[in-house]
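All the letters of the sequence shown, read from the start, carry residue numbers 0 to 665 under numbering that gives the first Met the number 0.
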Amino acid sequence: MDTKIGNSLPGGYCNSLTAYSRWHTREVSIGDVPMGGTHPIRIQSMTTVDTMDTQGSVEQTIRMVEAGCEYVRITAPSIKEANNLAEIKKALRKRGYTVPLVADIHFTPNAAEVAARIVEKVRINPGNYADKKKFDQLNYTEAAYRAELDRIYTKFAPLVKICKAYGTAMRIGTNHGSLSDRIMSHYGDTPEGMVESAMEFIRICEDLNYYNLVISMKSSNPQVMVQAYRQLVEKMVAEGMNYPLHLGVTEAGDGDDGRIKSAVGIGTLLEDGLGDTVRVSLTEEPELEAPVAIALINRYTNRQVKAEPVETVRNESYSADLAPSPYRTEEVNAFIGGSLVPRVVVDISRSNLKDPQVLTDAGYRYDILLDKYHMGEQSVDFVYLADELPSFTMPGNLKQLYNYQTWRGIRSKANIHPVYQLGEFITATEKDSQLNLVRIRRADLYTPAFESLPLDKTLVFVVETDELHGMADQRLFFSAIRTLGLTNPVIIRRYYAPEAFSGPAGDFMSPEEPVSKLQLYAATDMGALLVDGMGNGVWIDSPATPLNKLVATSFGILQATRSRISKTEYISCPSCGRTLFDLQETTQMIRSRTNHLKGLKIGIMGCIVNGPGEMADADYGYVGAGPGKITLYRGKEVVKRNVQSADALDELIEIIRGDGRWIDPE
Ligand code: SF4
């Protein structure tokens, strides 16, 4: 039965902009693990072995289930693989694993129609189910567009009917990089186009009275992905739909970058109360993805019960000034704000301030022989020393921050600036002529003290929060000061107590866990603001995290939100049964020779069928074209076809060099 819902949400695209409240979606049945409604947010991932390798697929699926996956997706590039899903399923059931299987389909309706009779769910990509991607920017007349929709209906309806007959669920999974030419012609590769791409297929399903649907809007760019999901929800609600959402950042890459990028996109939407299942896509073994997804969603277990709504003095109903939107600021003496990239602040007051080498972790490498510091792309902008004075000379371009009273006592104040509590700033008898940082909480905005705050152009806010739903609290701070007409820059500060990383039993599960959880939490909390254009700096305070990791996480969040580019970006696919080379090894090899090319985006894709489409906005592409063969791209244009894989990286570097974008590493 279809259940229609109201045609608007109080928070626009979510239930509330001030309280954690999960958007209630319809329940979808997927084997014996239902999704949506009041069910927990589900974890899933995808196998990487060849689907024809039954034993390998079974073993990998079991490892994924043991790691926490509640659904396992397997690629079915042709009828042969689709048929083999039956063997995989049989072997799993024989060993007692009832995990629902999902067939992943691109370009091959005939494989989908076979798979839908075997597995519990089929994923189709609306960009390539009935369309071959030509990268042509065609112009469609209204009549031609409608004729296209009729053609899709004819091609897609048989699958829908099979799913209905067999009780199979379906994910309509839009990818930013693989929109059809028809959608591109009308909407471009925009979030709106991504939404419409899915809506075309959803409407056909509804026309056939089929509602067992899950929807996704993936992109390798978290900003695009967040906007697409939000617009999707608004659109669905306007049309009386509430299908569950599958969240994911596609081609996120590997290691810390992949985790941070995933957390920015997925975490932002989870904060909005959106999402019924999560797949973290890493270029790593698939069983390593589930723990990341689990750490992301566990923060929301019981949040609705534990967190008070963040109080607001305005009516909580949706209004333009509560909605996330950029906060525009004036530049403060070339230090921060305006059009300057967001700044990075770290606390070094707990470090050994007798040793200049301590700054190496903050991006300033001290050369003893020359007695000078070398900076890099990830050198922090400010260090906070609280009340501790270093016994060595700081680098000339590093700004030091001290608590106000200590700052007053420092004789030579070049590059040295004060940090005040709100009350201190109001009563201060001495101020810095260039830069004054004031720590503030949102609740302070409504006090008489704030009314008497002497605002001037040197003032920068450091916004903090004690709320469990801290992102909403800080977002409301931005909304409030925007409404007040302020333009002072704001540094987002979050404190993570060591206990924030403890597991259910109160113990760390592994020595790396505090670091990886910090990455995920901070990327969610700060990324959710930065993707919406709020924040002129980040200050992550986590006593349990080594300084170098804090710095890397800060720059990683800025890179993932595309607000400050400090390194090469790798858009690498997670690999699957179609993959034609070892993605992890190849990614490392490419990274080892290109990771100094700041700002360049390099796509590393396992297959030519999907790879070029999925590379999205990569500047260059390294794509598996056949066994031992690589095709190289500049954007979407093929530059060299079928290069021997042993030569492919050298050839890619030559292309980059020929374009004038190569620089020799130091
Ligand atoms: S691009 Fe990668 S993950 Fe996507 S289908 Fe090809 S090999 Fe599989």
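Built from N, CA and C at the ideal position, the CB exists for glycine as well.
Source: prediction; values computed, not measured.
With a cutoff of 7 Å, R72 does not count as near ligand 1, since its C-beta is closer than that to no heavy atom of the ligand. Under the DSSP definition of a beta bridge, P417 partners with Y401. Around the CB of G395, fewer than 16 other CB atoms lie within 10 Å, so the residue is classed as exposed. Checking the DSSP bridge columns, you'll see V331 partnered with I335.
As for any beta strand (DSSP E) of minimum length 3 sitting wholly inside the stretch 17-74, the runs are 41-45, 70-74, ordered along the chain. In this structure, the straight-line span from the alpha carbon of A645 to that of E584 is close to 13 Å.
Counting other Cβ atoms within 10 Å of its Cβ, P488 reaches 16 or more and is therefore classed as buried.
Relative to ligand 1, the nearest heavy atom lies less than 7 Å away from the CB of G605.
Residues of the same chain with a CB within less than 6 Å of the CB of D130, apart from the 5 flanking positions on each side, are S179 in chain order. Residue environment for E195: buried (at least 16 other C-beta atoms within 10 angstroms of its C-beta). Look at G602: its beta carbon is at least 7 Å from all of the heavy atoms in ligand 1.
For E387, the shortest separation between its Cβ and any heavy atom of ligand 1 does not lie below 7 Å. Going by DSSP, G555 is part of the alpha helix (DSSP H) stretching over 546-559. The residues V27, S28, C162, A168, M169, in chain order, have a CB closer than 7 Å to that of N211 in the same chain once the five nearest residues on each side in sequence are set aside. When only Cα atoms are considered, F155 and H185 end up about 21 Å apart. Here V331 is buried: its Cβ has 16 or more other Cβ atoms, across all protein chains shown, within 10 Å. L454 has its alpha-carbon roughly 25 Å from the corresponding atom of M525. Comparing C-alpha distances from H23 to each of N241, F391, P190 shows the shortest one belongs to N241.
For N127, the Cβ stays outside the 7 Å cut-off from all heavy atoms of ligand 1.
Counting the other CB atoms within 10 Å of its CB gives R327 a total below 16, which places it among the exposed residues. For P573, the CB falls within less than 7 Å of some heavy atom of ligand 1. Residue ranges of uninterrupted alpha helix (DSSP H) with 4 or more members, entirely inside the stretch 77-140 and ordered along the chain, are 78-93, 108-114. Only residues of its own chain outside the window of five on either side were considered, and among them T173, M193, A227, Y228, L231 have a CB closer than 6 Å to the CB of M216, listed in chain order.
Where E199 is concerned, the enclosing alpha helix (DSSP H) starts and stops at 190-206. By the criterion of a C-beta distance shorter than 6 Å, R258 is surrounded in its chain by V291, Q518, once the five residues flanking it on both sides are discounted.
Within the same chain, and ignoring the five residues on either side of K412 in sequence, the residues whose Cβ sits closer than 8 Å to its Cβ are W406, D431. The DSSP-derived three-state label of V236 is helix. Distances from the CB of T300 to the heavy atoms of ligand 1 are all 7 Å or more. Counted as a single uninterrupted DSSP element, the beta strand (DSSP E) harbouring S571 occupies residues 568-571. Per DSSP, Q643 is one residue of the beta strand (DSSP E) stretching across 636-643.
As a beta-bridge residue in DSSP terms, E463 pairs with R440. For N297, the enclosing alpha helix (DSSP H) stretches over residues 288-297. Taking C-beta separations shorter than 8 Å and ignoring five residues to either side along the sequence, the partners of I556 in its chain run I259, V263, A521, A522, M525, G526, L529, V537, following chain order. If you check the CB distance, R438 and F476 do not come in under 8 Å.
Counting along the chain, H185 sits inside the alpha helix (DSSP H) bounded by residues 180-186.
Counting along the chain, the unbroken alpha helix (DSSP H) around F449 starts and ends at 447-450.
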